[in-house]
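Shown next, in structure tokens, is the structure this report addresses.
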Amino acid sequence: MYRKNITIITGTGGALGTGHFQRMCYLADSLNSTGNFSVSLCITEGSPDVPESLKEIMADTIPPGTELIIRDMRDSSEEDINFLRKKAAVLVIDDTGPGRNVADHIIDLLPNPVNRSVPEKMFLFGYNFISEIKSMKAEVIAKDIDVAIYAGYKPDPDVVEGIRGSIPPGASAVLFSYGRPSLIAGEKIHVDTSYTDLLLRSRILITHFGITMYEGDLAGCRILTVNPTDYHSRLTAMITGKINVIQAGEYGNIDHKFIYGEIARVRKTSGFQIISKGSIRERININFEYFLRMFNNIISRG
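Here the sequence shown is numbered in the working numbering, starting from 3 and rising by one per residue.
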């Protein structure tokens, strides 16, 4: 059976963070699982921890015979894309750089200044998040953590302290940083577990615009964004009302009073909360099926 040869180019670090790599790991694995594609994954920036199950599809360079290159590395130049087009047709994802205009195909998974009307179900979640969902034994998870915080893999200590200072007395809070969780407020909360388990157990997520924000929405969290830049805040404004998110300031101008009040309100009014793993799996599958239809339609045009 013919399988279309695809190479995905992505990376981590700096402005890329880890979200692009995580969602492309999921995309590579999912496309390979359809039986219609043979996908390789090429990391051109950063040194991420590659999931063991994906190491066999990793490539140092674009393999010979590649028919389509998928590039997910934010904004490109025309030179970036024209160089890749010498090897194969190029599909760019969430690329608002000059290279967008010379790419063969374009897909936007997130709203951006060029395309504000991206359907929510175009979004692809991260490989680790989805893998942990699949491996969890419990079908229903109780929310016993008040706040989860993610301000980047290596967060600015001043930002973390600013957010910590906005947490009411008695509230529990877990911080995700450097690939591991730590309890920074509250007592007697078990946090020696996975990122996904902790996110599902959290009532509120404080983070910036990005993949963690969408995963928090899927996990049933009330999301408060503290963004690093005005650009991120403008992106957040585009999806406010579509997912359960509200802005709470930017780095250097955090709305401490609002965060404090929102946490106190949720603690007082939310009561006992649970989240169903089945509903999460269903939404993940719906999103990928929607993406796959769009993807097949685009690449069928040649």
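Every residue, glycine too, gets a C-beta built ideally from N, C-alpha and C.
Computed from a prediction, not measured in an experiment: that's the story for all the values here.
Reference residue i; option with closest CA among the options
i, options, result
"R166", "R182, I208 and I245", "I208"
"E80", "P157, P66, D97 and M138", "D97"
"G254", "T231, Y262 and A105", "T231"
"I10", "Y4, G16 and E47", "E47"
"G154", "Y129, V228, S196 and I109", "V228"
"V116", "L237, Y262 and S281", "L237"
"I261", "M3, I248, T271 and S272", "I248"
"V176", "P170, D160, G164 and L200", "L200"
"S42", "G128, S35 and P65", "P65"
"I169", "A150, P159 and H22", "A150"
"G164", "K279, S49, E252 and S272", "E252"
"G67", "V52, F39, L29 and E189", "F39"
Residue i: first and last residue of the uninterrupted alpha helix (DSSP H) it sits in
i, result
"V161", "P159 to R166"
"K6", "Counting along the chain, K6 falls outside any alpha helix (DSSP H), though it belongs to the beta strand (DSSP E) covering K6 to G13."
"Y28", "G21 to T36"
"L177", "Per DSSP, L177 belongs to no alpha helix (DSSP H); it is in the beta strand (DSSP E), A175 to S179."
"T198", "Y197 to R203"
"S79", "Where S79 is concerned, there is no enclosing alpha helix (DSSP H), given that its DSSP letter is neither H nor E."
"H107", "Per DSSP, H107 belongs to no alpha helix (DSSP H); it is in the beta strand (DSSP E), H107 to I109."
Nearest-angstrom beta carbon gap, residue j and residue i [assumed within contact, 8 Å]
i, j, result
"I147", "R205", "7 Å"
"E1", "T198", "What is shown of the chain runs 3 to 304, which leaves residue 1 out entirely."
"D82", "I95", "Between I95 and D82 the Cβ distance is about 13 Å, and since that is not below 8 Å, they are no contact."
"A187", "S179", "About 14 Å separates the two Cβ atoms, so there is no contact after all."
"A266", "D257", "Actually they are not in contact, since the Cβ atoms of A266 and D257 sit about 14 Å apart, beyond 8 Å."
"K145", "R203", "6 Å"
"F131", "E217", "5 Å"
"F293", "M124", "6 Å"
"I276", "I143", "6 Å"
Length of the line joining the Cα atoms of residue i and residue j
i, j, result
"V193", "R182", "10 Å"
"G172", "A61", "49 Å"
"D77", "R102", "8 Å"
"H234", "H210", "7 Å"
"C44", "L18", "15 Å"
"P100", "I8", "23 Å"
"I241", "I71", "29 Å"
"K136", "S196", "13 Å"
"D31", "L56", "7 Å"
"E264", "V104", "45 Å"
"E141", "Q24", "24 Å"
"T214", "L126", "11 Å"
"P157", "M138", "28 Å"
"T20", "L111", "16 Å"
"I108", "L93", "5 Å"
"F297", "P121", "14 Å"
"F274", "R87", "54 Å"
"S119", "P113", "6 Å"
"L226", "L220", "14 Å"
"G37", "V161", "45 Å"
"N84", "G243", "38 Å"
Endpoints, the beta strand (DSSP E) within which residue i is located
i, result
"D74", "L70 to D74"
"C44", "F39 to E47"
"Q249", "V247 to E252"
"D148", "I147 to Y152"
"L294", "Counting along the chain, L294 falls outside any beta strand (DSSP E), though it belongs to the alpha helix (DSSP H) covering K279 to I301."
"L93", "A91 to I95"
"T214", "No beta strand (DSSP E) holds T214; the alpha helix (DSSP H) holding it covers I213 to L220."
"T227", "R224 to N229"
"I143", "V142 to A144"
"A239", "No beta strand (DSSP E) contains A239, which is instead part of the alpha helix (DSSP H) from D232 to I241."
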